[in-house]
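In the numbering used here, the protein residues as written are 3 to 145.
Here the structure is laid out as structure tokens; the discussion comes afterwards.
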Ligand code: RB5
């Protein structure tokens, strides 16, 4: 399974950890960047990822709060990016929202909680049913 990752400087330490952690588990990780804690702008990295990202795959985006990367990613129609600060929110982002992108707040989540959130995100299937109808109404052009 391929996982795409990207972050700004504020998300870099957690992204580096999650990238290593996933690689050690056998995932193929495509780490778009950034590659250091030098100050940078989160949209640059999210656009680079989103322009190559196959929507049936999964991505993890990290900035300080998770909001900037999430807002940028959700400008792409093939992306459903969800901000999660614990594993239950990450699980529900898959089960109810069929999220293909997980956004994490690098400055506000522990490494342990982030690992749990990523594990939940990668292992939870979409429940479909009533949630299928709801996500089909997210795009304004579909209502
Ligand atoms: C960077 O200081 C910070 O603003 C950024 O990482 C993010 O939290 C924006 O949403």
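Even for Gly, the Cβ is constructed at its ideal location relative to N, Cα and C.
Please find out if some non-hydrogen atom of the ligand RB5 comes closer than 7 angstroms to the beta-carbon of residue i.
i, result
"residue 67", "yes"
"residue 70", "yes"
For chain C, is any of its Cβ atoms less than 8 angstroms away from the one on residue i?
i, result
"residue 11", "Absent from the structure is chain C; it holds one protein chain and no more."
Count the other CB atoms within 10 Å of the CB of residue i; is the residue buried (16 or more) or exposed (fewer)?
i, result
"residue 107", "buried"
"residue 131", "exposed"
"residue 26", "exposed"
"residue 28", "exposed"
"residue 33", "buried"
"residue 48", "buried"
Here's a check: name, in chain order, each residue in its chain whose Cβ is nearer than 8 angstroms to the Cβ of residue i, leaving out the five neighbours to either side.
i, result
"residue 16", "9, 64, 106, 108, 111, 113, 116"
"residue 133", "97, 98, 99, 100"
So, for residue i: in the same chain, excluding its five sequence neighbours on each side, which residues have a beta-carbon less than 6 angstroms away from its beta-carbon?
i, result
"residue 83", "72, 75, 76, 103, 105"
Helix or strand or just coil, what does DSSP make of residue i?
i, result
"residue 12", "coil"
**Report entry** alpha helix (DSSP H) runs wholly inside the segment 32-89, at least 4 long, in chain order
**Finding:** With a minimum length of 4 residues, the continuous alpha helix (DSSP H) runs that stay inside the segment 32-89 are 44-52, 69-75.
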